[in-house]
Each structure stands twice: as structure tokens, then as C-alpha cells.
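Beneath this line is the structure, given in C-alpha cells, with notes to follow.
Number of protein chains: 2
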Amino acid sequence: MTKKPRGRPRSYDPQKALGKALESFWASGFASTSLDDLAAATGMNRPSLYAAFGDKKQLYLKSFEIFAGGVHAALTSLKEDSSPPRKALERFYAEATEIYLSGPDGPRGCFIICTAPVEAANDDDIREALSTVLSEIDKGLEAFFEKAKSKGELAKDTDASARAKLAGAVLHSLAVRARAGETKQELQKLAREAVSLLT
Amino acid sequence: MTKKPRGRPRSYDPQKALGKALESFWASGFASTSLDDLAAATGMNRPSLYAAFGDKKQLYLKSFEIFAGGVHAALTSLKEDSSPPRKALERFYAEATEIYLSGPDGPRGCFIICTAPVEAANDDDIREALSTVLSEIDKGLEAFFEKAKSKGELAKDTDASARAKLAGAVLHSLAVRARAGETKQELQKLAREAVSLLT
DNA sequence: TTATTATTATTCGGATTGGTACAAAATTCA
DNA sequence: TGAATTTTGTACCAATCCGAATAATAATAA
Numbered sequence: 124m125t126k127k128p129r130g131r132p133r134s135y136d137p138q139k140a141l142g143k144a145l146e147s148f149w150a151s152g153f154a155s156t157s158l159d160d161l162a163a164a165t166g167m168n169r170p171s172l173y174a175a176f177g178d179k180k181q182l183y184l185k186s187f188e189i190f191a192g193g194v195h196a197a198l199t200s201l202k203e204d205s206s207p208p209r210k211a212l213e214r215f216y217a218e219a220t221e222i223y224l225s226g227p228d229g230p231r232g233c234f235i236i237c238t239a240p241v242e243a244a245n246d247d248d249i250r251e252a253l254s255t256v257l258s259e260i261d262k263g264l265e266a267f268f269e270k271a272k273s274k275g276e277l278a279k280d281t282d283a284s285a286r287a288k289l290a291g292a293v294l295h296s297l298a299v300r301a302r303a304g305e306t307k308q309e310l311q312k313l314a315r316e317a318v319s320l321l322t
Numbered sequence: 124m125t126k127k128p129r130g131r132p133r134s135y136d137p138q139k140a141l142g143k144a145l146e147s148f149w150a151s152g153f154a155s156t157s158l159d160d161l162a163a164a165t166g167m168n169r170p171s172l173y174a175a176f177g178d179k180k181q182l183y184l185k186s187f188e189i190f191a192g193g194v195h196a197a198l199t200s201l202k203e204d205s206s207p208p209r210k211a212l213e214r215f216y217a218e219a220t221e222i223y224l225s226g227p228d229g230p231r232g233c234f235i236i237c238t239a240p241v242e243a244a245n246d247d248d249i250r251e252a253l254s255t256v257l258s259e260i261d262k263g264l265e266a267f268f269e270k271a272k273s274k275g276e277l278a279k280d281t282d283a284s285a286r287a288k289l290a291g292a293v294l295h296s297l298a299v300r301a302r303a304g305e306t307k308q309e310l311q312k313l314a315r316e317a318v319s320l321l322t
């Protein structure tokens, strides 16, 4: 159905290119990733980058949203996990750890936690985006604890909101620790302790 | 008895200048802080900066060590606090929160957690410095929990090392959340929950 | 074929980057 | 007073930065 557009066809896949841009920003952050880096990574030239995604910051924010979508999906998956809360949270942290330890050039932590805070102090848009994601993480985890309460798998007098903030804190820390070079065993130790105390 | 040196006297105070450099890096991170920024902040000109502190990265690492010294002092103070563990940890988090929320241009979080991770992936020296501080935080908190155990104020079968990692995670999260714009009340809620579950 | 449209590729420009060379300035020592 | 020494201030360097202007290219529409 989609009629072919009029002019010269694109020689790149916008989705793929955005993915490559995300990888670049993830590796080096916003300030240290140059347009040349982005052009090389995406295989696009500068003007095409602009036409497709706007300026550098817009491209960063679009990459940010892609990653945030993954976070959102993970939270939804956690909330819908039918296994016991302890098991579900364990899996949630294990999957995050796996991602944080991945990377073509060594562990790179979390795109958001490791690259956005440094920019947040001087850029309102990035701070806003970061703030939104942190809040979504808290909200997602709160829903998880609320569900556990309602299923009787967590004490009724538990403050789900407060516990969610603590569970989120563990995620933030895993992100930073991974990028700092901590081993999988160390990260798992933190996750295990968190699951043990939180659920 | 320090004899006066031979040549033209310095027109700056190295300690004060380093403090100003730290402020600059804290505000904008390593990559986004230019030598012009640093020269303006310290009141020194570029060649003097080089003579005094070496290149930009060395200056960043020196600033890093200054801040790390503060972290170390806070951990020592926590360990030596004679009040009940719960009170001591409360104060520890409250003091950190105060620092994270401070800043001439709004809350700036933690110098280390908010500026080092982004560089850590591509710079071995910065990753090493970050890794060292994270480890020191864990160690310092572990000593605190060990002491609480030995005083009988914490269950004997508590894994102090694991609990320290979780306590450190809260600190990391406070650092990021503050820079993202969370209010003091929200940060305190996280700290309160942490103290409640950890001690 | 010819016009239209959209994208690509090359090039450029002004600003900024980290770092340095060199001469002027300010001090102590002889 | 003058030589020696250290720091300062200006100017400069090559490289890189982000962004845009322009022209060539490749497709559809008429």
C-alpha cells in the first residue's frame, strides 16, 4: 500500500541508523560523541543526519527515548511476571546486569544513568528526560510491590512507594558499578542482597 | 622557615585554584569543561594551569581526588560515630543529600557519580579512579556494619559486605536523583527507607 | 523526454578545542 | 646594580567542533 515516495530513495534504514547512534552515545556520552563519530557509525553523512534526526541533541534525545522504551518494557515484564516476587525481581536485576555488562568494548553500564546525569545540570531538556525515566522506574517498581502486596506475598503495611525507590536505587548502582568495572559476581551479590531485603 | 623561592612569585593560591577547577568539572563534567572555562574559574591563564597541574585530565583527576578525600572523611566520620547505627547512617545520608542538593546553579549531585562514569568507558585512568572510590565506599560502609554487629546492634549473621553494597547503592542513587531534580523530600524518603531496612 | 522532488555527497566557514612558544614582568641572589 | 630564575600574559598553532550552503544524484510524475 505505501506508495513509493517521490525523490531519491534513502540509502539507510532510519531505525538501524538510530540504533547505531544510540550505541555511539552509549559508549562515549553526549559531549564526547562528535557528529563525525555519528556519521561514521550510522554510515550517513552529516546533512542526512540533520535531515533525518535534527541536530545532535535531538539525536541524543531520540536515542535516549529508544533506550527508555527498553526500560519501560522491562518494567512491564516485571509487573506481569507471575512467578513469586522474589523470583521476578531476581530476573529483573539479572537481565539489567546482563545488559550493563554487555558491549563491544567492555561493560558500558546503563545508557541513561551513565551519560545523562553529567549533561542534566546544564541542559533542561536532558534533565527533564532523565527525571521522567527515573520517575517511571519508581512508578513501575511501585506497581510491582503493590501487586505483591495485593497477592499477599508482601506485608500489607509495606510502603510500596518507598520500597520502589530503594529497588530503583539498586538499579542505578548496578548501572554505575558495571561501567566502573565491577565483576558479574559482585553485581550479583548486590542484587541478591537487594532481593533478599526488599521482598 | 620556608625560604622564599627564587623567581617571580605566584599570583594564585594552588589550593584555591584547584577548588575552583573542581567546581567547574562538577558543574559540567570533564568533556564539557574547556580550558578556557578552567582558566576563567581559577583566574589563571592556560600556561600557568599547565605548569601547576599538568594537562586537563590530570587536573580533573586531582579534582577527583579532592572530592574523594571528602568522601573518605565522611566514611571515617560514620565509622567513628558513637550514636546508634540507625542514627549514624541517617546523618551520613543527610549530609550527603545536603551536598548533592547544593550548588550555585541548582542541585549538582555527586562530582564522582555524575561526571566519572561517562568517561570511564573510554579512559582507563578515570575508570580506575572511579572503581577505587566505589570500592572504598563499600569498604567504609562494611566497616560500619561490622562495628554495629560487634556492638550487638545488628544481627550476628548479617552479611556486612553485602549490606554495605546496598547502602552504597543508595548513596549512588541519591547522587543521580539529586542532579535529576528530585526534591529533598523525595531523597529523604529514599534515605529513610534505606536506613529502616538496612539497620 | 522533461520537470519535479528528495536524498546524497562535497565543501566550506566560523568558532572552539587542547596545548605551546615566546617575550615581558617580577622576584631573589650575587 | 645586574645576573639568574620563575611566573605571567599574549599570541599562536593545528585539529576538531557543529552546522549549513551548494551541487550532484536518483528516483517518480507528467
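For the record, the sequence lines run as chains Y and U.
When we follow this note's numbering, the leftmost residue of the first sequence carries the number 124, and every step to the right adds one.
When we follow this note's numbering, the leftmost residue of the second sequence carries the number 124, and every step to the right adds one.
From the three backbone atoms N, C-alpha and C, an ideal C-beta is built for every residue, glycine too.
Distance, residue j Cα to residue i Cα
i: Y/K143; j: U/I249; result: 25 angstroms
i: U/G177; j: U/K139; result: 16 angstroms
i: U/S206; j: U/F148; result: 35 angstroms
i: Y/V299; j: Y/P240; result: 11 angstroms
i: U/L201; j: U/E213; result: 10 angstroms
i: U/L313; j: Y/S171; result: 45 angstroms
i: Y/S225; j: U/N168; result: 42 angstroms
i: Y/R209; j: U/K274; result: 31 angstroms
i: Y/E259; j: Y/E309; result: 26 angstroms
i: Y/K180; j: U/P230; result: 22 angstroms
i: U/F215; j: Y/S254; result: 24 angstroms
i: Y/A162; j: U/E203; result: 54 angstroms
i: Y/A317; j: Y/K288; result: 12 angstroms
i: U/L184; j: U/E146; result: 13 angstroms
i: Y/D160; j: Y/Y173; result: 14 angstroms
i: Y/T199; j: Y/V256; result: 14 angstroms
i: U/G193; j: U/L141; result: 14 angstroms
i: U/S319; j: Y/A175; result: 50 angstroms
i: Y/R286; j: Y/K127; result: 52 angstroms
i: U/K270; j: Y/R315; result: 23 angstroms
i: U/Q311; j: U/F268; result: 21 angstroms
i: Y/A197; j: Y/A211; result: 11 angstroms
i: U/L182; j: Y/E242; result: 20 angstroms
i: Y/F246; j: Y/A150; result: It should be pointed out that residue 246 of chain Y corresponds to Asp in this sequence rather than to Phe. Spanning the two alpha carbons is a distance of roughly 20 angstroms.
i: Y/K272; j: Y/I189; result: 31 angstroms
Exposure label - residue i; buried when at least 16 CB within 10 Å
i: Y/R129; result: exposed
i: U/P227; result: exposed
i: Y/M124; result: Note that Y/M124 scores 48 on pLDDT, short of 50, meaning its location in the model is unreliable; the coordinates nonetheless yield the value given after this. Exposed, by the Cβ-count rule.
i: U/S157; result: exposed
i: U/P132; result: exposed
i: Y/P137; result: exposed
i: U/S134; result: exposed
i: Y/G166; result: exposed
i: Y/E105; result: Past the boundaries of the shown model lies residue 105 of chain Y; chain Y is included only from 124 to 322, so the question cannot be answered.
i: Y/G304; result: buried
i: U/T306; result: exposed
i: Y/G232; result: buried
i: U/A292; result: buried
i: U/A283; result: buried
Whole-Å CB distance - residue i paired with residue j, under 8 angstroms assumed
i: U/S296; j: Y/H295; result: 4 angstroms
i: U/A290; j: U/L321; result: 6 angstroms
i: U/G152; j: U/T220; result: Between U/T220 and U/G152 the Cβ distance is about 21 angstroms, and since that is not below 8 angstroms, they are no contact.
i: Y/A252; j: Y/F187; result: 5 angstroms
i: U/A191; j: U/I222; result: No, U/A191 and U/I222 are not in contact; Cβ-Cβ is about 13 angstroms, not under 8 angstroms.
i: U/A154; j: Y/A154; result: 4 angstroms
Residue i: first and last residue of the uninterrupted alpha helix (DSSP H) it sits in
i: Y/G193; result: K179 to E203
i: Y/A244; result: Unbroken run through Y/A244: none, as it is neither H nor E.
i: U/A278; result: No alpha helix (DSSP H) holds U/A278; DSSP gives it neither H nor E.
i: Y/T165; result: L158 to T165
i: U/K210; result: P208 to L224
i: U/E309; result: K307 to L321
i: Y/P137; result: P137 to S155
i: U/K288; result: A283 to A303
i: Y/P170; result: R169 to F176
Residue i beta carbon near the ligand COA (any heavy atom closer than 7 angstroms)
i: U/F215; result: By its list of ligands, the structure shown contains no ligand whatsoever, and the ligand COA lies outside what it can speak to.
ask   = Is there contact between the segment 270-280 of chain U and the segment 246-264 of chain Y, where contact requires at least three CB pairs shorter than 8 angstroms?
value = no
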